[in-house]
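Structure record follows, encoded as structure tokens.
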Amino acid sequence: MHGNPMPDSYVYVTEEGVTRHYADGSVEALAWEDVVEVRVVTEPGTAPDFDVLYVLLDRDGEGCVVPRSATDATFLARLRYLPDFDVDRLHLAAASANDAAVVVWRSPDPPSALPDFEYD
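Just so you know, the sequence shown maps onto residues -9 to 110 in our numbering.
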């Protein structure tokens, strides 16, 4: 039987939070109520093929990385529930291929400092 190869990860978005399952069995999960920062990370490539990752972080700097390829209207709609979330800022950051991480949203009550987050 032939078919599409297994994806390297898949993402579930619910009213409670976001969960990413990797092919190696590891899992990243974050409840929406724990999100204190949203970053857009662009990685090298040629537009429109550069990689875009949405990184959601909690107060401890733990997070869930969501590739743009795994986002849908549900994910984007749920981000809008974050207080004063600016979807235009998100789209602008995702459209820039500059190999950088841009904070597009912070909680109105952020922690004093977030540790560096390692993502692949």
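We put the beta carbon where it would ideally sit given N, CA and C, even for glycine.
Inter-residue distance for residue 83 and residue 57 is about 14 Å (C-alpha atoms, whole angstroms). Three or more Cβ pairs drawn from the region 1 to 21 and the region 41 to 53 lie within less than 8 Å of each other, which places the two stretches in contact. In the three-state DSSP reduction, residue 9 falls in the strand class (E or B). Listed in chain order, the non-local C-beta contacts of residue 88 below 8 Å within the same chain comprise 32, local neighbours out to five positions each way being set aside. Of the residues assessed, residue -1 falls on the buried side of the cut-off, its CB having 16 or more other CB atoms within 10 angstroms.
If you draw a straight line from the Cα of residue 96 to the Cα of residue 63, it is about 21 Å long. Taking all protein chains in view, the Cβ of residue 77 is surrounded by fewer than 16 other Cβ atoms within 10 Å, so the residue is classified as exposed. Counted as a single uninterrupted DSSP element, the stretch harbouring residue 4 is not any beta strand (DSSP E), since DSSP gives it neither H nor E.
Contact between residue 22 and residue 70 is absent: CB atoms are separated by about 11 Å, not below the 8 Å threshold.
Judged by DSSP in its simplified three-state form, residue 26 adopts coil rather than helix or strand. For residue 32, the secondary structure class from DSSP, reduced to helix, strand or coil, is strand.
In terms of CA proximity to residue 99, 74 leads the group 8, 74 and 85.
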